[in-house]
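*Asks:* First, the structure itself, so that you have it in front of you.
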Amino acid sequence: MSQLQNLMNDRKSVRVYDPAYKIEQRELQDILSLATSAPSSSNLQSWRFIIIQDQEMKKELRKIANNQAQIEDSSAVIAVLGDKTAYKNVEEIYTKNVEAGYMDQSIADRTIENTFKMYPNAPKEALMNIASYDAGLISMQILLLAKERGYDTVVMGGFEKSAFAQRFELPDNEFPITLIAIGKAAAPAFNTIRLPIEKIAKFY
């Protein structure tokens, strides 16, 4: 099997972590930076992150995350957020694309114009769906990059999102989507069986 296949197969949802193991902040920054190569709607990169390493803050977070032990015992928790107004960065993003030689100015201008026509008038639910979809794409990259570096992870959607937004004083345009615990496993994860392709896919 290829290295990527091995990573995909080896990655499991780990829920028991070594609380003594700590990942350095620059390592977490590097993982997130590399993960941003994930695709995103109109390249607006509507993902945002809060990285919680402080032990007292993790204890607080555990209370609003269904008392999941991995919140407190993992090295860090990466909160993946969505930005409903990510379109406001379109000029910065596409100007840099032109400067890097990735596209012509005419393409950038057209994209910027179309973005400001569509996104500000889109329903709030649609903007949240876009950000949530993009969050899923980058979260998977984070999981695989972490596994490649010898770390374990688990994705958690079960937490009180309104309480999280209040505790971390999120602005109105940002909303929490999921939490990713990252660290070193203290107990092996369960293996799981996947449904056969014949049951979940149709070919025409």
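First residue of the sequence shown? That's 979 in this note's numbering, and the numbers climb one at a time after it.
All residues carry an ideal CB built from backbone N, CA and C; glycine is no exception.
Here the structure is a predicted model, which is why all the values come from computation and not from measurement.
So I1029 packs on R1145, CB below 8 Å; how close in whole Å?
*Replies:* Incorrect: roughly 15 Å between the Cβ atoms, too far for contact.
*Asks:* Measuring only the C-alpha atoms, how far is V1076 from I1155?
*Replies:* Cα to Cα, the separation comes out at about 31 Å.
*Asks:* Looking only at its chain, what residues have a beta carbon closer than 6 Å to the beta carbon of Y1097, apart from the 5 residues adjacent to it on each side?
*Replies:* Cβ within range, chain order: Y1065.
*Asks:* If you compare alpha carbons, which of G1060, T1093 and S1053 is closest to E1069?
*Replies:* When each option's Cα is compared against that of E1069, the closest is T1093.
*Asks:* Between which residues of its own chain and A1086 is the CB-CB distance below 8 Å, once the five residues before and five after are set aside?
*Replies:* The answer, listed in chain order, is Y1072, T1073, N1075 and V1076.
*Asks:* Skipping 5 residues on each side, what residues in its chain have a beta carbon closer than 6 Å to that of K990?
*Replies:* Hits under 6 Å: A1167.
*Asks:* Grab me the residues of L1121's own chain with a C-beta within less than 8 Å of its C-beta, minus the 5 sequence neighbours each way, in chain order.
*Replies:* R989, T1131, V1133 and I1158.
*Asks:* Taking just the CA atoms, how far does M1106 sit from K1062?
*Replies:* Taking the straight line joining both Cα atoms gives about 6 Å.
*Asks:* For F1153 versus A1141, is the C-beta spacing smaller than 8 Å?
*Replies:* The answer is no: Cβ separation not under 8 Å.
*Asks:* Closer than 8 Å by C-beta to Y999: which residues in its own chain qualify, once you throw out the five before and the five after it? Chain order, please.
*Replies:* S1053, G1161 and K1162.
*Asks:* In whole angstroms, give me the CA-to-CA distance for K1037 and E1050.
*Replies:* When rounded, the distance between both Cα atoms is 6 Å.
*Asks:* Which residues does DSSP pair with E1152 in a beta bridge?
*Replies:* In DSSP, E1152 forms a bridge with D1061.
*Asks:* Please tell me whether V1055 and F1027 are closer than 8 Å, where the distance is taken between their beta carbons.
*Replies:* For V1055 and F1027, no; Cβs fall outside 8 Å.
*Asks:* Rounded to whole angstroms, how far is the Cβ of L1123 from the Cβ of A1016, which I believe are closer than 8 Å?
*Replies:* About 10 Å; that fails the 8 Å criterion.
*Asks:* Unbroken alpha helix (DSSP H) runs of length 4 or more, entirely within the region 1046-1114: which are they?
*Replies:* Fully enclosed alpha helix (DSSP H) runs of 4 or longer: 1047-1051, 1068-1077 and 1083-1096.
*Asks:* What would DSSP say about K1027, mapped onto helix, strand or coil?
*Replies:* The question names Lys, yet the displayed sequence has Phe at residue 1027. Here F1027 sits in strand by DSSP.
*Asks:* Quick one: using the 10 Å Cβ neighbour count with 16 as the cut-off for buried, is K1180 buried or exposed?
*Replies:* Burial call: exposed.
*Asks:* Measuring alpha carbon to alpha carbon, tell me which of Y995, L1148 and G1128 ends up nearest M986.
*Replies:* Per the Cα distances, G1128.
*Asks:* Here's a check: name, in chain order, each residue in its chain whose Cβ is nearer than 6 Å to the Cβ of Y995, leaving out the five neighbours to either side.
*Replies:* Here the set comprises Q1048, D1051, S1052, G1161 and A1164.
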